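Working notes, structure below.
Number of protein chains: 2
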Amino acid sequence: MLTTASIGIAGTIAAGRASADTLADVPPREPGADLSAFSARSKYVRIGRIPEAGPGRRNVDPSDAINSKTPLDKLVGTITPSDLHYERSHSGVPDLDPAKHRLLMHGMVQKPLVFSVDDLKAMPSVSRTVFLECTGNGWENWKKADENLTVQNTHGLVSTNEWTGVPLKFVLDLVGKEKESTWMLAEGGDAAGVARSIPLTDEIMEEAILAYGQNGEPLRPAHGFPIRLIMPGFEGNLNIKWLRRLKFGDQPWMTRWETARYTQLLADGKAKQFQLRMETNSVITSPSGTMEIRPGYNRITGLAWSGHGKIAKVQVSTDGAKTWAEAQLNYPILAKAQTRFQMDWVWDGQPTKIVSRSTDEKGNVQPDRVSFIAQMGTNALFHYNAQQTWSIDAAGRVRNVLA
Amino acid sequence: MLTTASIGIAGTIAAGRASADTLADVPPREPGADLSAFSARSKYVRIGRIPEAGPGRRNVDPSDAINSKTPLDKLVGTITPSDLHYERSHSGVPDLDPAKHRLLMHGMVQKPLVFSVDDLKAMPSVSRTVFLECTGNGWENWKKADENLTVQNTHGLVSTNEWTGVPLKFVLDLVGKEKESTWMLAEGGDAAGVARSIPLTDEIMEEAILAYGQNGEPLRPAHGFPIRLIMPGFEGNLNIKWLRRLKFGDQPWMTRWETARYTQLLADGKAKQFQLRMETNSVITSPSGTMEIRPGYNRITGLAWSGHGKIAKVQVSTDGAKTWAEAQLNYPILAKAQTRFQMDWVWDGQPTKIVSRSTDEKGNVQPDRVSFIAQMGTNALFHYNAQQTWSIDAAGRVRNVLA
Numbered sequence: 115m116l117t118t119a120s121i122g123i124a125g126t127i128a129a130g131r132a133s134a135d136t137l138a139d140v141p142p143r144e145p146g147a148d149l150s151a152f153s154a155r156s157k158y159v160r161i162g163r164i165p166e167a168g169p170g171r172r173n174v175d176p177s178d179a180i181n182s183k184t185p186l187d188k189l190v191g192t193i194t195p196s197d198l199h200y201e202r203s204h205s206g207v208p209d210l211d212p213a214k215h216r217l218l219m220h221g222m223v224q225k226p227l228v229f230s231v232d233d234l235k236a237m238p239s240v241s242r243t244v245f246l247e248c249t250g251n252g253w254e255n256w257k258k259a260d261e262n263l264t265v266q267n268t269h270g271l272v273s274t275n276e277w278t279g280v281p282l283k284f285v286l287d288l289v290g291k292e293k294e295s296t297w298m299l300a301e302g303g304d305a306a307g308v309a310r311s312i313p314l315t316d317e318i319m320e321e322a323i324l325a326y327g328q329n330g331e332p333l334r335p336a337h338g339f340p341i342r343l344i345m346p347g348f349e350g351n352l353n354i355k356w357l358r359r360l361k362f363g364d365q366p367w368m369t370r371w372e373t374a375r376y377t378q379l380l381a382d383g384k385a386k387q388f389q390l391r392m393e394t395n396s397v398i399t400s401p402s403g404t405m406e407i408r409p410g411y412n413r414i415t416g417l418a419w420s421g422h423g424k425i426a427k428v429q430v431s432t433d434g435a436k437t438w439a440e441a442q443l444n445y446p447i448l449a450k451a452q453t454r455f456q457m458d459w460v461w462d463g464q465p466t467k468i469v470s471r472s473t474d475e476k477g478n479v480q481p482d483r484v485s486f487i488a489q490m491g492t493n494a495l496f497h498y499n500a501q502q503t504w505s506i507d508a509a510g511r512v513r514n515v516l517a
Numbered sequence: 115m116l117t118t119a120s121i122g123i124a125g126t127i128a129a130g131r132a133s134a135d136t137l138a139d140v141p142p143r144e145p146g147a148d149l150s151a152f153s154a155r156s157k158y159v160r161i162g163r164i165p166e167a168g169p170g171r172r173n174v175d176p177s178d179a180i181n182s183k184t185p186l187d188k189l190v191g192t193i194t195p196s197d198l199h200y201e202r203s204h205s206g207v208p209d210l211d212p213a214k215h216r217l218l219m220h221g222m223v224q225k226p227l228v229f230s231v232d233d234l235k236a237m238p239s240v241s242r243t244v245f246l247e248c249t250g251n252g253w254e255n256w257k258k259a260d261e262n263l264t265v266q267n268t269h270g271l272v273s274t275n276e277w278t279g280v281p282l283k284f285v286l287d288l289v290g291k292e293k294e295s296t297w298m299l300a301e302g303g304d305a306a307g308v309a310r311s312i313p314l315t316d317e318i319m320e321e322a323i324l325a326y327g328q329n330g331e332p333l334r335p336a337h338g339f340p341i342r343l344i345m346p347g348f349e350g351n352l353n354i355k356w357l358r359r360l361k362f363g364d365q366p367w368m369t370r371w372e373t374a375r376y377t378q379l380l381a382d383g384k385a386k387q388f389q390l391r392m393e394t395n396s397v398i399t400s401p402s403g404t405m406e407i408r409p410g411y412n413r414i415t416g417l418a419w420s421g422h423g424k425i426a427k428v429q430v431s432t433d434g435a436k437t438w439a440e441a442q443l444n445y446p447i448l449a450k451a452q453t454r455f456q457m458d459w460v461w462d463g464q465p466t467k468i469v470s471r472s473t474d475e476k477g478n479v480q481p482d483r484v485s486f487i488a489q490m491g492t493n494a495l496f497h498y499n500a501q502q503t504w505s506i507d508a509a510g511r512v513r514n515v516l517a
């Protein structure tokens, strides 16, 4: 047990000492509603994917939204509820008929095949809990920091679900991928026809999944129903939703999604293509932007993740990155999944800054913002993984700042 | 990869060989709906917790229901979506105001305390993925087998969620549990006031959680919002919902929930009390009751779980328990959580019976029905963990049978 915490928290318990050995201190028992086909959320729980700037003020009109963000500030544990998984679509959300949907596998293969959804569901399956992250996650802080942003605004384009489906490798065996096939084109069934060229490395052939299940149930339309590609550790855009086609070849197709879009404009004006892996990252989710804290014991908690594998270590600074302490990592620590960290902290009431820094099992360390910008410049839009700093003023107000 | 499966499935792919290197075989792309605050389920997905007997025929009126069951036949992976977690309540579902709710800890402790929900949320947390199972799960098959039951009917009172909250041990330190306190009374805030005496073994003090989170979000009212007790491996009834009180003492309280209810009537007419741990169990979820299969390749899959720890092995028989083969266990295998198993099978079209048998890491083997009934008799109602047999007739119809 965390002894610091037991000492710290003993003085902050709001409800306090019980009056006597009676039930005078707790509200009376309540009768309840009938059971039902689905357990709805409590009427007291206010949670949703449309970001809010400041209490109750939405900063995006849903009809204008090009993405919707996971409310990391209101979630606990590591799983993201399916209906709160972040969403980024280029042509809205189609609700495809699974009885009619097909997946074509063709190109440099010995036996081109078409699969129905039932064909795929009859095959051996795997389940894997992994994060998905939009490559644009964090872009709000590339050039400046709006102090009114919440962690949902700054980091809400990452979520973790248990995905279930057929290992890519299994269907590669069925169609007989030719040895010269080193690239795969994955295309979605939405009107935008998002299509990406994916290099067939050993890692990708071993880990990619043609998923039909999400957190135990069928995929939801916003997340690719009836089939999506899951590419553990790689940018969200590669995890093609509404998957209709996998074509095999010996070079990338240079689709507009990897030439005009999703390339990285570097400081020297050159564009970097196929920067596919998501780097080691972390963020403190509480206390975080627009929250207010009180002096005394506060628990710091957040999430860390890396496209390279498991999180090895998360360090937290409560003095603006001058000194660091190692946070506790919650079990289980899964490769390419979000890991929850936490640390006890007694705040002395003085203005300060808090920040987290993750290290993954391959030794990659999340960069500070100054080093990150020095390397990447400010033209880029994607793969922002600099450390996130929250400032705390004398009144306990937590705000988004650059460092 | 499962070579048997690749060979078996190659002949059963419904959609079949692609016509040419074109998109003639897949439906056109579709425009989509706007993004939204929540991702709804597909209109094509029919899923719910009210059991159905036969296609479309509900066998329980929701207003008469005393429990609602997880549709294990329609789920994949291991996580149960929060709104489909099984439900068993004795006085309906209250939606308690978390701002007013309190937890009293008193009795044989040095410092009786009352906690608000915010107090608990400020404490160090743990997350753990575990199964919960109603002790009555499986009772339908004690005396006879209705052949029209689905696996949702026979085994739908077990689910697996990621639960997040405060370790019991942490609050025990805060109130200063006295050494003589060997029992804990946990009481719920629903009108029925379900209350159970729990022995404070090392295992329970180490593993029990005061949970406020479920699959990443706040508990849902049907599952105990704002606080419930999580007792990994022990009968569902001990996982007290709407938790309002923990009282400590040196003997059990003998509440009506452990005297008149939730005792086990044995073959000799004696009643067994405090049979708290859920035993090793498993069930094939596909193919399962009321499904229909075709000759040729079929994937057998199901779930196994044990209150003793991890699942070590699941064996499957496709010839009515004459011979057994070891099924593949899907990663990760977590202690006291459901583990997914699967096995390739080529059905020759002859009538047969399929059955699964789990073994846990402590060496406990799920009993066959004859041995189980010989030991327990047919007076009992709880802790049914006999092997589940599904019969398959010449037409491929899958039916619930005793063995």
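The listed protein sequences derive, respectively, from chains A and B.
Take the first sequence: its position 147, counting from 1, is numbered 261 in this note's numbering, and each next residue is one higher.
Take the second sequence: its position 40, counting from 1, is numbered 154 in this note's numbering, and each next residue is one higher.
For each residue, glycine too, the CB sits at the ideal point set by N, CA and C.
Every value quoted in this text rests on a predicted model; they were computed, and no experiment measured them.
query                                                                                                                           : result
DSSP beta-bridge partners of Tyr-411 (chain B)                                                                                  : B:Val-460
Other residues of its chain near Arg-511 (chain A): CB distance less than 7 Å, five sequence neighbours each side excluded      : Glu-406
DSSP beta-bridge partners of Ser-230 (chain B)                                                                                  : B:Arg-216
Minimum Cβ-Cβ distance from Gly-146 (chain A) to chain B less than 7 Å                                                          : yes
Bounding residues of the beta strand (DSSP E) (the contiguous stretch that carries Arg-155 (chain A))                           : Where Arg-155 (chain A) is concerned, there is no enclosing beta strand (DSSP E), given that its DSSP letter is neither H nor E.
C-alpha gap between Glu-144 (chain A) and Phe-152 (chain A), whole angstroms                                                    : 21 Å
Contact list for Leu-210 (chain A) against chain B, beta-carbon separation under 9 Å                                            : Pro-141, Glu-144, Ser-156, Tyr-158
Residue-chain proximity (Ser-230 (chain B), chain A), Cβ-Cβ < 7 Å                                                               : yes
6 Å Cβ shell around Tyr-376 (chain B) - same chain, five flanking residues per side excluded                                    : Asn-351
Pro-465 (chain B) versus Ala-500 (chain B): straight-line alpha-carbon distance, rounded                                        : 22 Å
Contacts that Ala-128 (chain A) makes with chain B (C-beta to C-beta distance below 7 Å)                                        : Ser-230, Asp-232, Asp-233
Host beta strand (DSSP E) of Asp-474 (chain B) (start-end)                                                                      : 466-474
Test item: CB-CB of Gln-266 (chain B) and Lys-183 (chain B) under 7 Å                                                           : yes
Span separating the alpha-carbon of Trp-297 (chain B) from that of Ile-123 (chain A)                                            : 25 Å
Within-7 Å CB hit, Arg-334 (chain B) to chain A                                                                                 : yes
Chain A contact for His-220 (chain B) (CB, 7 Å cutoff)                                                                          : yes
Partner residues on chain B for Pro-195 (chain A), Cβ-Cβ distance less than 7 Å                                                 : Ser-196, Asn-329, Gly-330, Glu-331
Other residues of its chain near Gly-363 (chain A): CB distance less than 6 Å, five sequence neighbours each side excluded      : Gly-221, Met-222, Trp-297
Nearest residue (CA-CA) to Glu-393 (chain A), options A:Val-515, A:Trp-419, A:Lys-283                                           : A:Trp-419
Residues of the stretch 450-481 of chain B whose Cβ lies closer than 8 Å to any Cβ of chain A, in chain order                   : Arg-454, Gln-456, Asp-458
Range of the contiguous beta strand (DSSP E) that encloses Met-298 (chain B)                                                    : 297-302
Local Cβ density within 10 Å of Arg-358 (chain A), reported as buried at 16 or more and exposed below that                      : buried
For Gln-266 (chain A), three-class secondary structure by DSSP                                                                  : helix
Assigned secondary structure, Gly-421 (chain A) (DSSP; H/G/I helix, E/B strand, else coil)                                      : coil
Spatially closest choice to Leu-495 (chain A) from A:Gln-389, A:Asp-482, A:Asn-514, by CA coordinates                           : A:Gln-389
Per DSSP, cross-strand counterpart(s) of Leu-343 (chain B)                                                                      : B:Leu-324
Buried versus exposed call for Lys-291 (chain B) [16 or more other C-beta atoms within 10 Å across all chains shown]            : buried
Within chain D, partners of His-269 (chain A) - CB distance below 8 Å                                                           : Among the chains of the structure shown, chain D does not appear; the protein chains present are A and B.
Span of the beta strand (DSSP E) around Ala-90 (chain B)                                                                        : Any question about residue 90 (chain B) goes unanswered here, given that chain B covers just 115 to 517.
Contact with chain A by Ala-282 (chain B), beta-carbon distance below 7 Å                                                       : The displayed chain sequence assigns Leu, not Ala, to residue 282 (chain B). No - not a single Cβ of chain A is within 7 Å of the one on Leu-282 (chain B).
Segment contact, 8 Å Cβ cut-off, at least three pairs: the stretch 229-241 of chain B with the stretch 271-289 of chain B       : yes
Contacts that Leu-189 (chain B) makes with chain A (C-beta to C-beta distance below 7 Å)                                        : Gly-330, Glu-331
Validate contact between the stretch 256-270 of chain B and the stretch 316-329 of chain B using beta carbons, cut 8 Å, 3 pairs : no
Euclidean distance between Cα positions of Trp-459 (chain B) and Asn-275 (chain A)                                              : 29 Å
Expected contact under 8 Å - CB spacing of Val-280 (chain A) and Leu-324 (chain A) to nearest Å                                 : 5 Å
Proximal residues, the stretch 427-447 of chain A versus chain B, C-beta separation under 9 Å                                   : Gln-442, Asn-444, Tyr-445, Pro-446
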